[in-house]
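Peer 1: Here it is: the structure, laid out below.
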Amino acid sequence: AAAASAAAAAAAATSATTTAAAAHARRISRQAAERARQASLRVAELLRTLHPAAWLVVGTALVQHRRSRAAKRGDLREIRSQVFTDDFHIAIVTTAALPWMTGTAINPLLRAAYLSKAGRSVTLAVPWLHPRDQ
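Note that the numbering used here has the sequence shown beginning at 2, numbered continuously upward.
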């Protein structure tokens, strides 16, 4: 019993550390994206003042790029809303062996458990196992 509670405490500490690390990585990523955006704005302004004809070509490409990114974000929002509102079956297929106890082997198992706990209909398939053993 003591070993089980120690394992649970270790798992909780690992989960908290992982969550904090992920939040830190997202924050760093947002800061890097903002720095890149500011740099691109400075370059764009310099190009506009030095080479107006080149700016016209690049500006048109940037506008098209932003429109396609906006459309992609809209598509992702639609997919996300379908995943969380529609009732469908999710199949997770992995070739990793669970006894390996590596991230590659454990992540699909944890994802299936999370989705199942969230009330989703989910199947974890390991193709090299016979279907009755899965």
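Idealized CB from N, CA, C, for every residue including glycine.
Evaluate the contact criterion for the stretch 66-82 versus the stretch 108-115: three or more CB pairs, one atom per stretch, below 8 Å.
Peer 2: They do not touch, by the three-pair rule.
Peer 1: Alpha carbon to alpha carbon, how far is R31 from A24? Give it in angstroms, no decimals.
Peer 2: Approximately 11 Å, taken between the alpha carbons.
Peer 1: Have a look at the DSSP bridge pairing and note the partners of T124.
Peer 2: According to DSSP, T124 bridges with A92.
Peer 1: Could you check the C-alpha separation between W129 and T96 for me, to the nearest Å?
Peer 2: Rounded to the nearest angstrom, the two C-alpha atoms are 7 Å apart.
Peer 1: Inspect the beta-carbon positions of I91 and V123 and report whether they are closer than 8 Å.
Peer 2: Yes, they are a contact pair.
Peer 1: In the DSSP assignment, find the unbroken alpha helix (DSSP H) run with A97 in it and report its ends.
Peer 2: Segment: none, A97 is in no alpha helix (DSSP H) and carries neither H nor E.
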